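**Q**
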Amino acid sequence: MSQANIPNITPIISITPKQTVSLLLSSIALEELALAHLINAEAEKIQFVLGTLETDVDAPDCVPVNDLLLINDSVRSVLQDVIKKEMLLQFKFDKVLVLLNEIEEDHSPTS
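Quick note: the sequence shown uses our numbering, first residue 79, plus one each step.
So, in structure tokens, the structure goes:
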């Protein structure tokens with residue numbers, strides 16, 4: 079088996095510190111949006127099995143308690159993972175704020 083040929087690529091990317099902060103904030107916002115969609119999907123999952131979600135598909139007439147508990151465990155697990163991700167995003171956001179303050183201090187007029 080031969081080795082893959084990878085060309086020597088030396089990309090030149092030039093962005094300012096303020097552009098970096100904007101990109102970091104955008105990435106946080108997109109991750110928050112994705113988490114919001116996950117939370118909404120989990121809420122709709124519960125609403126569906128309880129028959130309170132308006133859809134074209136009929137909800138089951140009777141869901142056994144064991145199945146409800148399994149669904150509850152599934153939702154709890156997803157929400158716990160969402161909370162963990164939220165904490166990581168908060169740490170990331172705090173670091174971005176520190177970076178933003180450093181940029182502002184570097185560009186502020188000295189007295």
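For glycine and all other residues, C-beta sits at the position ideal for the given N, C-alpha and C. Small disclaimer: the values here were computed from a predicted structure and weren't measured.
In terms of residues, what are the limits of the alpha helix (DSSP H) holding P95?
**A** Counted from its first residue, the sequence shown places residue 95 at position 17. For P95, the enclosing alpha helix (DSSP H) covers residues 95–128.
**Q** Measure the Cβ-Cβ separation of P138 and V153 and say whether it is below 8 Å.
**A** Start at 1 with the first residue of the sequence shown, and residue 138 comes out as number 60. Start at 1 with the first residue of the sequence shown, and residue 153 comes out as number 75. For P138 and V153, no; Cβs fall outside 8 Å.
**Q** Which stretch, first to last residue, makes up the alpha helix (DSSP H) that contains I161?
**A** Locating residue 161 in the sequence shown gives position 83, where the first residue counts as 1. 143–185 is the extent of the alpha helix (DSSP H) around I161.
**Q** Find the nearest neighbour of P176 within the set S80, I87, T133, L103, judged by alpha-carbon distance.
**A** Residue mapping note: residue 176 aligns to position 98 of the sequence shown, counting from 1. Before going on, a small fix: residue 176 reads as Val here, not Pro. That would be L103, whose Cα lies nearest to the Cα of V176.
**Q** Between N83, L167, V135, which has its C-alpha nearest L113's C-alpha?
**A** In the sequence shown, counting from the first residue as 1, residue 113 sits at position 35. Among N83, L167, V135, the Cα nearest to that of L113 belongs to L167.
**Q** Going by alpha carbons, who is nearest to L146 out of Q81, K123, N83?
**A** Indexing the sequence shown from 1 puts residue 146 at position 68. Nearest option by C-alpha distance: K123.
**Q** Around the C-beta of S80, are 16 or more other C-beta atoms found within 10 angstroms, so that it is buried, or is it exposed?
**A** Looking up residue 80 in the sequence shown gives position 2. Result: exposed.
**Q** What's the C-alpha gap between T88 and V143?
**A** Position 10 of the sequence shown, counted from the start, is the residue given in the question as residue 88. Position 65 of the sequence shown, counted from the start, is the residue given in the question as residue 143. Cα to Cα, T88 sits roughly 59 Å from V143.
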